[in-house]
Structure formats: structure tokens, C-alpha cells
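Numbering (full-length UniProt numbering), first residue to last: 1 to 764.
Where a beta carbon is used, it is the ideal one built from N, C-alpha and C, also for glycine.
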């Protein structure tokens, strides 16, 4: 074994008779939107002038630099042949002077935009050629046209998605406590429990047809699927060369759960059939399998190399072969470079767990000897055993071992969460609820909006979905949007009170939360009282409302009443069942707040620490209750003047998140904010941590509007104290912009911020 060099991979000659199996077995690229290429063909596209430069910059900005420019048509067609063989999707920007090549493009390029100075010359041409979708004469119309076409070419939700072949599972040996594993398997189990309807089938196929709108072969296959598909044909459709394999695996590699839902009609069948055939084949021997990946990013490779013993999760269905020659032949021509490595996976499935891992021997299934393919079901887990360079094959070899997925605990958790959410029959709402709980707010909104489009006008679930959307916007502190959906839900429930009498209290409680959030505590109390009236002695709902009423008492400094109500709410929740643990944790946090206001710091710390420890074991990593427990402890130490203790605790939490969960932006930004407030404004760390938080918020404005505008406000105040008034005004204006988005029009906070802006001196 030794170091790799940038050499071509050598393979023995072997006949690749099944090109589609080649696609399944080989991960040809570490896809990050490279499936889509933007090409500009113009005789002047490489000239050094401002207009050409502007066009080049525009195209690179639109498609993340994945652009090609050709001033020679012959070179262009040679490149097109190469790109098509690699299954890229292509959008061509063609100069008006080169429209003579359009006849040659008819069957090879699905989407062309003509870019010229005079559109009238080419309107007739655009009608003659179905692949010409637009004629543009300026950069603005060109940008708009390209973006419209990209939406279709990328199946809408694929846009801007990072595609991953494997997902790392961070450090936890107990996979049931690992967010990545739990959420992945959890959503798969939820999908399997969803009803399969003609509506779900049509939604999936209509999206597929939109994606392949100019591909006649795939379009016909989609129609064949629509008219002839049976549930026991799921594996057959997966292994044939069709739209199903490409789009299903792509959907899972995006890790966008709303896409999983879109393909649920077929996914349910495929997962169930793989499980059934696995049992029927009853393989009892250990297996050694191989899989080629011709391009693994250096970042992913280095992670695997430096984390021997850790786990990876296969994103999508996972093909392998028992024949190392077949796996190696698929790497023919691939080279190791500074950016990418050529990988051969060696996969061990030990005899002791072959009955616990879902896989199918495809040769046995189809009844003849083929490529010795073993197909693993989605969500398979592997442990990294070794990473070393194979000098003989000139590839990096990664040895991994399949492990027991232990999904039984996940299935138990589904039942627990069913009870918690109170939707014993409605798996669709549980699916969306989990997205919210996992802080996947953008995906949750897309999911619920998708459901709304599917439902009939008078469907029972519509006001319930409005409640969930309102709850989502409350969590990201966009209160105006939250109230809109609460009101939509309330009006529908009020009109049909007979059907919604058991859950109208949920909406009323939500409206109370809205008014509490904007500082209208009297109105909040009124809605909480109404919610209690309609709770129908539902112990869970009563406890939630009671806890919210206690927070109003706390705000009004009625500490004894607040404490009494909060403890009463906690006791009710503890009597109900373990599925109320989230709410119990929240109660402990409120009790800590009460003791803090009473200046009983010992008890406050005790309850905050209880909240913190329980949240570590029970809640998802980015849960709001979890980060609030961290913020509460930092604030408690600060109030006592224990700045060093506050700094030590906050730094420990920051290091933990940055090391193990660097993508948990909201939690990290919140900790940055807390640290900044532990320093005087004259200390360099004050503005340093504010700007680090700001960088996250500006790139993820939907995380939380409240904390985002607070960050802007703190920075504005910092610059004001430094007499940098123009900068101060800039950030106060950003503060005001968000406040206007989330508060009612004449809210006192908006008026106060506007007054501050008006009073900022003008720099001369």
C-alpha cells in the first residue's frame, strides 16, 4: 500500500452488457448540481469586451460556474456528445447568428434560448423548433428565461440541492440516539405507513413528466408505468433503464424529505417488495461485495479516512456486486486528482446479521446469471473498517461492514409520537410535524403546502394543516404569517364546530401564543381562557394551556401563581405518559425562569440544568428548547456576575456544536450572540461574535426573525456608541425591515426603532 498518483485506473477487459447496471453500481460523480450544464454558443463569446464579460458573469452566477462557452460549432457538438453520455441536462444559449445549427439540435438538446439583438427575426424560427423555448434580447429577460427553464429542468425541488451518496453518522455508537440515522429511518417508516392513492401516483408521474418533458422515450415509459404498473413490479421497474431509478435515487441523495414524500407511491412498494424478497431468498451465508465510485470529493474522502470505526448511511438504494472484476471495470478511465479520489468499496456482510439487513440478490430474483448484483434497501448502515490505497488496482479501497439497523426502536418511537401529536390515524400530519420538530422549516412549509394542493376544498385536514403552518411560523418568529394561518384555521373550525370541538382549543391556544409574543398579554390571557374552555377535559391540552397561562403570571410578576400553575401542568403531563417528555422539559425551563425572576439562583440553576440534561438525551439537536436551556444558563451566570463561568460554559457548547454539528446554524448563531453579550462593547470579541452570528443570519434569514433583527440591532447600537452613524443607521434600517415583516403595522417596537433611526445624527 502506498500513496496515490494521478494515473488512469487499469482494469481487465470485461464486457459491460447492462449499461443500466453500470449506472446503479457506479457512483460516477459527487454530484452537487453537476447534472445541469449551461452552454453559451456565440462566435463572439470569448471576445474581451464588457458586453461579453457581463453575459459570462450572468451565466456563472445562475449556475454556480457550471457553464461552458463555445465560439466554434464543431467543438460545441463534440462536447454535447460527451455531456449527453454522462447524463447531464443541458440548457443552451444560442446566438441569433448561429440558428442555422438548429436542425442538428432537434433530437439531442431539449432546451434552447436564442439570445440576439432583434427578436422579430427569430420568432418564426422559434415556432418551427420545439426545443427553442424563448428569444431574449437583453440580460434581464435572459436571466428570467433561464431561471424559469431551470425550475423545470431540475424538477423544481431538486434546485440548489447538494447530492450525497453517503451520509456520515456523527460519533454516536447508539444509532437510535443519532439524529441523522433516526430521522432518515423514521421518515422511511412513516412513508411505509402512508396510504397509496391514485392521487399520489398521478402527482409523482406528473412531476416526472415535467422533468422529462422533451424526452420522448422517458415520457412514453412514464405513461406505460401509469397504465400498467402493479405493486409487485417495483424491483423490475427499478432495475430497468427508466426514469424511476434516476429520479428516485436523486430524490434521496438530496436529503430533501419533501421529495421523498413526492415519490412515496413507488417507494412504499419498492421497500416492501425488497423486504418480502429478502425473506423469501433467505440467504444464510456471509457476503463479500464490491462497489465502484469514480469520483469522491476530497472532503468526503478525508472524513472517511480519518474516522475509522464511525458509521455511514447509504443515501438511496445501494447496488453492489459479488464480482470484484465487474466493480473495478466500472472505474475504467477514472483518475485520482487533487480534488477527487477513485474509490473501490469492499463491503462485508457477516453471516450473523444477513437476516437483519434488507438486500436482494438480483440474479436470483430475475432468474438468470447477470452482473452478480446485490441491491441493498434504502437506509442501509455501514461501519468504516479501513481506508488504504490498493497499488495493484491503483484505487483507494474503503472497507466497510454492514451492521444491524435496529429499526424496532424507531417503530416504537413512531407510536410514541403518534400519541404525542394526538393524530392516531393521520400519518401525513405526523410526517410534517416531525419536520417542524427537527427544525426543517423550509421543508415543512413546502410539505404542508404540497398537501394543501392535494386535498379537496372541504377536506377535514385543511384547518389542521393551517394550525401546523401557524406553529411553524411561530417557531421562526414570523408572527404576522402565524396569525394569518391561525385565523384561517379558526374560521374553518368555527363554521364546523361540531367536527372540530375537540381541537379548536389548539388554535385558540396558538392565537394566545401569538399575542404573548407581540407583547399583548391581556389579549393572550383571553385566548388562553377560551382555549381552556374548549379543551373538553383533554388532560394534555389543558396542561399545555395551563403552562402558557403561568408564563403570563410570570410576566405580571405573580410568581407564586406562576409556579403553582406550572408545577400543576408538569404533574399532569407526568401522569399522562412518557410521550409528553418534550412538554415536561419545557415546564422545567419555565420553572427555572420563575426562580430566576425571584432571584432564587440555586433553584433556577437546578431546573435549567435539568432542562439542559434532559434535552441532550431526548430532543433533536437543533430543538429550540435545547438551545434556550443553554441560553438560560449563560444568562443565569451573567446575572450573578459569574462571567468566567458563563464564558466557559458557552465556549464548551460552541465547540461541541462546531465539531459535531457544524450545519446546526441556528444553535451556533444563538451561542455566538450570547457570547457577544458577555463582553463590553469596547472589547473586540463583542463585535467579533456579533459579526459571526450576523454572517449566519444573513445567509439563513428564515432561521429566526426575532434573533436576526436583535443581532442587527446590537450591531447598530455598537456602531452608534462608536459614533459610526452611517453604519449604525444601515443596521437599524435592516432591523426595521424585519420588524415590519413580523409585527402588526403600528406596533410599538416598529415605532421605537423608527424613532431611533430618525434621531441618528447625519455624518458630514
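Alpha carbon to alpha carbon, what distance is there between residue j and residue i?
i           : j           : result
residue 93  : residue 240 : 33 Å
residue 283 : residue 292 : 24 Å
residue 265 : residue 432 : 17 Å
residue 220 : residue 295 : 32 Å
residue 235 : residue 185 : 20 Å
residue 90  : residue 55  : 18 Å
residue 515 : residue 117 : 56 Å
residue 189 : residue 458 : 29 Å
residue 449 : residue 103 : 42 Å
residue 517 : residue 466 : 19 Å
residue 569 : residue 594 : 14 Å
residue 342 : residue 331 : 7 Å
residue 207 : residue 74  : 35 Å
residue 763 : residue 49  : 39 Å
residue 43  : residue 68  : 13 Å
residue 630 : residue 482 : 26 Å
residue 302 : residue 554 : 51 Å
residue 727 : residue 648 : 32 Å
residue 677 : residue 473 : 27 Å
residue 729 : residue 723 : 11 Å
residue 604 : residue 700 : 33 Å
residue 252 : residue 260 : 7 Å
residue 226 : residue 401 : 39 Å
Between which two residues does the beta strand (DSSP E) harbouring residue i extend?
i           : result
residue 321 : 318–321
residue 345 : 340–349
residue 382 : 381–390
residue 817 : The requested residue 817 does not occur in the structure, where the chain is confined to residues 1 to 764.
residue 314 : 311–314
residue 68  : 67–70
residue 134 : 132–136
residue 36  : 36–41
If you measure between the beta carbons of residue i and residue j, is that distance less than 8 Å?
i           : j           : result
residue 211 : residue 277 : no
residue 381 : residue 288 : no
residue 476 : residue 705 : yes
residue 545 : residue 524 : no
residue 625 : residue 633 : no
residue 258 : residue 527 : no
residue 721 : residue 681 : yes
residue 750 : residue 740 : yes
residue 216 : residue 272 : no
residue 313 : residue 379 : yes
residue 194 : residue 268 : yes
residue 105 : residue 112 : yes
residue 597 : residue 637 : no
Alpha helix (DSSP H) containing residue i: first to last residue?
i           : result
residue 373 : Run containing residue 373: none in the alpha helix (DSSP H); it sits in the beta strand (DSSP E), 373–376.
residue 483 : 479–495
residue 461 : No alpha helix (DSSP H) contains residue 461, which DSSP labels as neither H nor E.
residue 648 : 643–660
residue 711 : 705–721
residue 116 : No alpha helix (DSSP H) holds residue 116; DSSP gives it neither H nor E.
residue 356 : Note, residue 356: premise wrong, no alpha helix (DSSP H); not H, not E.
residue 266 : 264–281
residue 571 : 559–576
residue 758 : 748–759
residue 539 : 539–555
residue 292 : It is not in any alpha helix (DSSP H) - residue 292 instead sits in the beta strand (DSSP E) that spans 287–297.
residue 725 : 725–742
residue 94  : Here residue 94 belongs to no alpha helix (DSSP H); instead the beta strand (DSSP E) covers 89–95.
Please return the same chain residues whose Cβ sits closer than 6 Å to the Cβ of residue i, not counting the five positions on each side in sequence.
i           : result
residue 736 : 753
residue 439 : 622
residue 614 : 585
residue 500 : 493
Using 8 Å as the limit for Cβ to Cβ distance, is residue i near chain D?
i           : result
residue 651 : The chain inventory of the structure shown lacks chain D, comprising one protein chain alone.
By Cβ distance below 7 Å, which residues in the same chain neighbour residue i in space, the five residues on each side in sequence not counted?
i           : result
residue 756 : 732
residue 696 : 665, 668 and 669
residue 548 : 509, 512, 513 and 528
residue 60  : 67
Short of 8 Å in beta carbon distance, which residues of its chain neighbour residue i, apart from the five on each side in sequence? Order them along the chain.
i           : result
residue 691 : 715
Legend entry - Contact between the stretch 305–317 and the stretch 361–378 (3+ Cβ pairs under 8 Å): yes
Legend entry - Cβ pair count under 8 Å reaching 3, the stretch 293–312 against the stretch 381–400: yes
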